[in-house]
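Its first residue numbered 1, the sequence shown is counted upward by one per residue in the UniProt record's numbering. C-beta: ideal position from N, C-alpha, C; glycine also. No experiment lies behind these values; they were computed from the predicted model shown. See structure below.
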Amino acid sequence: MMNDRYELFNKLCLRHVPLSEQSSYGIGGLADYFALPATVEQLVTILEVSSLYGMERVVFGMGSNILFPDQPKQGTLYISLKNMANISVDESSWFLTSGLPLSMLSLVGLLTGSSAFQFTYLMPGSFGAGIYMNAKYYKEQVGDKVATISYIDLTDPALAVRQIRAEDCEFAYKQSIFQHKPWIIVGAEITVPEQDGMNFHVDGISRLLTHYKDSNGKLSSLFSFYSFFSSELRELQRGRRRIDIPEPMLDIDQYRTGNRHFTYRSCGSFFKNNYAAGSSIGALVDRLGLKGVAHGGGIISPYHGNMILNAANATAADILYLKDMVSEAIHQRYGFIPEPEVVIMKE
Ligand SMILES: Cc1cc2nc3c(=O)[nH]c(=O)nc-3n(C[C@H](O)[C@H](O)[C@H](O)COP(=O)(O)OP(=O)(O)OC[C@H]3O[C@@H](n4cnc5c(N)ncnc54)[C@H](O)[C@@H]3O)c2cc1C
């Protein structure tokens with residue numbers, strides 16, 4: 001039995017994988033070990049065997065909010081959950097696994113008549129990380145939409161899947177309990193608040209999922225991500241379903257393309273917003289005249305002051321240099337140090 005697990009582990013565990021290909025930043029050196037489980041059972045096997053080997057583990061989703069190191073620590077196993085992408089839907093609830101793209105939720109909403117997830121349209125990243133980060137767009141955040149979250153506690157020798165209710169998850173602005181616990185989110189149930197009487201397009205949902213799985217692995221490029229979801233949306237509008245595209249989703253497209261979200265490699269806003277000085281971080285960077293400042297291959301976005309872009313083969317060191325420059329300038333002028341939103345992985 002255990003031998004089977006070692007065998008599966010060896011099959012799932014790839015060697016010398018460039019982390020740059022696993023992040024929307026396009027930055028990161030070679031991971032000694034890398035795994036892409038497709039099911040909870042595969043994840044548990046990977047966790048079990050890697051623990052017996054005493055390996056350090058880093059679990060992540062689609063890499064849209066992580067700056068990987070230029071030289072990852074030797075012997076570390078990086079585990080991406082992006083292939084754990086499944087969904088089951090019935091009339092009053094959905095169960096979604098962690099690897100499902102956040103943007104997919106908005107399209108599933110269109111197919112089921114729910115507007116609850118329109119705000120995730122074109123938001124890069126996975127559902128599990130969306131819970132971990134409590135991802136938000138304007139006034140809506142993922143933590144407000146989930147009912148029960150399933151997770152594995154890494155300190156539990158049995159690695160059993162447990163449940164926690166959303167109200168116990170300490171969701172706050174870009175915060176959740178998961179940021180302070182050795183827990184891996186494997187999925188969550190959502191209670192769908194509204195049904196407008198549309199027919200259930202179950203076949204449409206499985207078609208979407210199949211399209212996504214066929215393209216999976218290629219969506220770390222933000223441009224491919226945008227092309228995929230915007231063309232799936234057009235297909236729902238123009239295809240036999242003739243679904244009307246809600247105004248908020250059209251506005252999101254305009255906002256994100258206008259701010260060049262999909263033109264350059266980035267991890268979105270670098271810092272959490274902090275209105276201590278009365279304005280967003282992006283507005284402060286603008287006032288400090290830092291937009292467009294470059295270092296190595298990195299540049300502070302000329303379009304949005306709170307984004308630091310990989311313009312041309314930037315290294316993690318280039319991005320961190322610009323991050324320090326912004327932090328120091330804000331500290332000197334406005335008296336506080338902005339907290340990074342992008343997760344910075346140590347070497
Ligand atoms: C162009 C652009 C625009 C963006 N706009 C927004 C926005 O409007 N609002 C917003 O909130 N964010 C935004 N982001 C950030 C990003 O979309 C979210 O943070 C998203 O939730 C990241 O998902 P991911 O799978 O890529 O996470 P990753 O980068 O893979 O991981 C992020 C963190 O979550 C942890 N994590 C990931 N999965 C799990 C899991 N299953 N269990 C436990 N921990 C986990 C990782 O360890 C890591 O610490 C943007 C990013 C980009 C590139």
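Using the three-state DSSP reduction, which class does residue i fall into: helix, strand or coil?
i	result
R265	strand
Q22	helix
P101	strand
F271	strand
Y137	strand
A129	helix
I344	strand
R241	coil
S279	coil
A188	strand
S115	coil
S64	coil
According to DSSP, what are the bridge partners of residue i?
i	result
N3	Answer is none; N3 lacks a bridge partner.
R15	Y33
D153	W183
Q77	Looking at the sequence shown, residue 77 is not Gln but Leu. In the DSSP output, where bridge partners are listed per residue, L77 has Y33, R57.
H295	G298
L309	I299
A172	Q175
T148	R165, E189
Among the residues of its own chain, which have a CB less than 8 Å from the CB of residue i, if the five just before and after it don't count?
i	result
G296	A314, T315, A317, D318, Y321
G197	Residue placement at G197 is flagged as unreliable, the pLDDT there being 45, under the threshold of 50; a coordinate-derived value is accordingly withheld.
L107	Y121, L208, F229, E232, L233, L236
Ends of the alpha helix (DSSP H) at residue i?
i	result
R333	316–334
Q237	222–238
I27	Run containing I27: none; DSSP gives neither H nor E here.
Here's a check: name, in chain order, each residue in its chain whose Cβ is nearer than 7 Å to the Cβ of residue i, leaving out the five neighbours to either side.
i	result
I190	S93, W94, L96, K145, V146, A147
Check for me: the beta strand (DSSP E) holding residue i runs from which residue to which?
i	result
S93	93–97
V89	87–89
Ordered along the chain, which non-local residues of its own chain (more than five positions away) have a Cβ less than 6 Å from that of residue i?
i	result
C344	Position check: residue 344 holds Ile in this sequence, whereas Cys was assumed. Cβ neighbours of I344 beyond the five flanking positions: L67.
L154	P182
P248	Q118
May I ask you to verify whether the region 39–55 touches the region 149–161, counting CB pairs closer than 8 Å and requiring at least 3? Contact holds: three or more Cβ-Cβ distances are below 8 Å.
Cβ contact (3+ pairs, closer than 8 Å) linking the region 17–35 and the region 266–275: These segments touch.
Are the region 169–183 and the region 79–94 in contact at 8 Å, needing three or more beta carbon pairs? These segments do not touch.
Would you be able to state if there are at least three C-beta pairs under 8 Å between the region 331–338 and the region 276–291? Touching, yes, given that three or more Cβ pairs across the two stretches are closer than 8 Å.
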